[in-house]
Amino acid sequence: MDGKKMMGAVLPGNSTVALHEYAVPTPGHGEVLIKMKSSTICGSDIRAIYHEHQGTGPERYQGVIAGHEPCGQIVAEGPGLRRFKTGDRVIIYHISGCGVCNDCRRGYMISCTSTEYRKAYGWQRDGGMAEYLLAEEKDLVALPDELSYTDGAQVACGFGTVYEGLEKIGISGNDTVLVTGLGPVGLAALMLSRALGAAKTIGVDVVPERRRLALDLGLADQVLDSHADTVAEIKALTGGYGCEKAIDCSGNDQARLISIQATRKWGKICFIGEGGTVSFRPSPDIIHDQKTIYGSWVTNIWRMEELVERIVRWGIHPEELVTHRFPLEKAAEAYSLMASGTCGKVAVVFDEEIRA
Ligand SMILES: [Zn+2]
Ligand SMILES: [Zn+2]
């Protein structure tokens, strides 16, 4: 690829996208060059980068090519590869960790403690909004033949994050599951809760288009607006008791309180939506009802491998949440639409993933 050029999108802030020309990278030891096929936009790209560069620490954006939900095909190999090869279809776990700290050894490269070696794709090293991506072999998850690249892109952050949260609270056929916040992460939580056997699913969001999409996709049995009576409405839908499990994907204070108060005695709540705050009354809201609140941040790489295997087994397709596909040249439109919130998942796509 020596001398070959490619286009890549960066997020300068001020709700803009800039396309620049880059040299196609050459893979070094333990690295691969990936032809990008699908690169989906995550809510955290909007929250912490697109409008303005708000992140600090692991979320500090360093002006690199954006996109942390990449999926593509290996087209060139560096020396020293141990498992993957040219032609393999791969998902990129979106954070490259040092590999030797305790968190990396648990597979949670998301929380790698190395300030020098931890670099997230699309935040501190070049991400998926370009024709090619340079990745480390250790960050790759094999994409099964049954799944499309757009299925895989969503596993890289969104579906992986949801699966981790749902596994922490344990979803089964015993449960009615409440999902607060019906953006793409919330829709993924509904889809995976159903796949895990949830008896009933209830979604809450203030945006009518999002509630409609959750129903149209057949992912929620009931959808509710968020207001003063939402907890009472959820209890009325659950025999007066509330849900066994709740997962907050909104990051909104009011929605978090609903997720706590609409969960029944002995129930479990997981927070995965980022930012904001929450206030609740510890005694009546959790202590006296013996409830547990979990926090969950992304997932580990073995669980991501397990998830793609199970997605095939369940016969579901994350790409069904994608409502809009754009070519890279129209990345500005893609981010602007995602920021509006009146859509499902938005994907920037290449080659065979471009569809009418
Ligand atoms: Zn993300
Ligand atoms: Zn590490």
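The sequence shown runs -12 to 343 under our numbering.
A virtual CB, placed ideally from N, CA and C, is assigned to each residue, including glycine.
Fair warning: this is a prediction, and the values are worked out from it, not measured in the lab.
The shortest C-alpha to C-alpha distance from Gly160 to any of Val285, Pro269 and Leu183 is the one to Leu183.
Unbroken alpha helix (DSSP H) stretches of 4 residues or longer found wholly inside the segment 64 to 119: 89 to 92, given in chain order.
Taking all protein chains shown into account, Asp132 has fewer than 16 neighbouring C-beta atoms within 10 Å of its C-beta and is therefore exposed. Counting the other Cβ atoms within 10 Å of the Cβ of Val128 gives 16 or more, which makes it buried. DSSP, read as helix, strand or coil, puts Gln209 in strand.
Out of Val87, Tyr281 and Glu306, the CA that lies nearest to the CA of Ser246 is found in Tyr281.
Residue pairing by DSSP places Ser26 opposite Pro57 and Val335 in a beta bridge. Counting along the chain, the unbroken alpha helix (DSSP H) around Glu292 starts and ends at Ile288 to Trp301.
Assigned with DSSP and collapsed to three states, Lys252 falls in strand.
With the rule of 3 Cβ pairs closer than 8 Å, the segment 107 to 123 counts as touching the segment 54 to 62.
If you ignore the 5 residues before and after Leu134, its C-beta comes within less than 7 Å of the C-beta of Val295, Ile298 and Val299, all in its own chain and listed in chain order.
Distance from the C-beta of Cys330 to the nearest heavy atom of ligand 2 is not below 7 Å. By the Cβ criterion, the segment 26 to 36 is not in contact with the segment 7 to 16, since fewer than three pairs of Cβ atoms, one from each stretch, lie closer than 8 Å.
Only buried fits His81, as 16 or more other CB atoms lie within 10 angstroms of its CB.
Contact annotation: the segment 198 to 210 does not touch the segment 254 to 263, with fewer than three C-beta pairs closer than 8 Å.
Inclusion of Gly17 and Glu123 in the CB contact set at 8 Å is warranted, their separation being smaller than that value. Straight through space, the alpha carbons of Leu165 and Gly229 are spaced by roughly 9 Å.
At a threshold of 7 Å, Ser31 counts as near ligand 1, since its beta carbon sits closer than that to one of the ligand's heavy atoms. A contact is defined here as three or more CB-CB pairs under 8 Å, and the segment 137 to 147 meets this definition with respect to the segment 78 to 94. Not one heavy atom of ligand 1 sits closer than 7 Å to the Cβ of Cys99. Within the DSSP bridge table, the entry for Ala122 names Val19 as partners. Less than 8 Å separates the beta-carbon of Val218 from that of Gln248.
The DSSP assignment places complete beta strand (DSSP E) segments of no fewer than 3 residues inside the segment 230 to 286 at 230 to 235, 250 to 258 and 279 to 282, in order along the chain. Residue nearest to Lys278 within the set Ala233, Thr264 and Ser2 is Ala233 (criterion: CA-CA distance). Assigned with DSSP and collapsed to three states, Ala319 falls in helix. Sequence-distant Cβ neighbours of Asp208 in its own chain, meaning closer than 8 Å and more than five residues away, are Lys187, Thr188 and Ile189.
Per DSSP, the beta bridge partners of Lys(-8) are Ala10.
The C-beta distance from Leu174 to Gly331 rounds to 6 Å, short enough to fall under 8 Å. Ranked by Cα distance from Gly170, the first of Leu308, Glu320 and Leu20 is Leu308. As DSSP reads the structure, Leu127 sits in a beta bridge with Ile79. Between Leu121 and Leu204, the gap from beta carbon to beta carbon reaches 8 Å or more.
A distance below 6 Å between beta-carbons, with the five flanking residues on each side excluded, links Gly139 to the following residues of its chain, in chain order: Cys58, Ile78 and Leu130.
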